[in-house]
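J.: Here my numbering = 1-based position in the sequence shown + 40. By construction, the Cβ of each residue, glycine as well, lies at the ideal position given by its N, Cα and C atoms. Keep in mind that this is a model prediction, so the values were computed, not measured. Right, I'll just put the structure down here and ask away after.
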Amino acid sequence: MGLERELRQKAAGLRTLTTVGFASALFMAISEAAFGDSRIAAQVVSGLGFIGGGLIFVRRDAVRGLTTAAVVWLTAAIGMAAGAGLWMFAVVAVAAHFLVSYGFTPLARRLSGRVERVHSLVLTYRDGEGVLRRALAECTQRGFTVRDLATTAEDLGGMTAPGARQATVRISVEGAGSATELAAGLSDLDGVLAITAGASDEQAD
């Protein structure tokens, strides 16, 4: 499981998950041998909340690290099962993890292609040349619906003719198309200076 996260270049990789699994198994073995109840096991579950919380963060309105935090939680559960001598449960849980990781990913991608998502585009362009109008038309032509936009304007500061201004607009669009392809199409418009794109409601690993 750690190797799988390592190959995907996620925050919690081979060393982290190996340590979590080993520590959980050790705590569970101590709990069984010394106390015969689940007091230490309960503390392991509580302690994992701090690790999981450190892996989850928000960037550009997108929640990231949820899957990695869930894998850490699962690794601890597998380690606890192994520490309690429930090897069959541990093996089945590992197999189920790989089934979900590799079997569900293509299915999720296929389904997400049919779902309309909300994307956020930040467009910087030369003001007063009709660029925004052409950009909105490009969004509509590609099957997106414009939900919201907000603009600001400032001087170009010698980049073009004196008195020229640039504007920055944040556009929220909804559609099933690719935000990357939309951004590429908008960047080809005359007068566009810069553009960035992202998903405003998409959760990432």
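For residue 234, list the residues DSSP reports as bridge partners.
T.: DSSP output for residue 234 lists 164 as bridge partner(s).
J.: By DSSP's criteria, residue 214 is part of a beta bridge. Which residues make up the other side?
T.: For residue 214, which the question treats as bridged, DSSP gives the partners 158 and 185.
J.: Whose C-alpha, out of 85, 68, 160 and 119, is nearest the C-alpha of residue 41?
T.: Taking only the C-alpha atoms, the option nearest residue 41 is 119.
J.: Roughly how many whole angstroms lie between the Cα atoms of residue 128 and residue 216?
T.: Whole-angstrom Cα-Cα distance: 42 Å.
J.: Which residue marks the beginning of the alpha helix (DSSP H) containing residue 227, and which one marks its end?
T.: Segment 219-227, the alpha helix (DSSP H) holding residue 227.
J.: Tell me the residue span of the alpha helix (DSSP H) that contains residue 57.
T.: Looking at the DSSP string, the run of the alpha helix (DSSP H) that includes residue 57 is 54-70.
J.: Between residue 138 and residue 219, what straight-line distance do the alpha-carbon atoms span, to the nearest angstrom?
T.: The alpha-carbon atoms of residue 138 and residue 219 are separated by roughly 29 Å.
J.: For a test of the three-state rule: what should DSSP assign to residue 175, helix, strand or coil?
T.: Three-state result, residue 175: helix.
J.: Here's the rule: buried if 16 or more other CB atoms are within 10 angstroms of the residue's CB, otherwise exposed. What is residue 70?
T.: Residue 70 comes out exposed.
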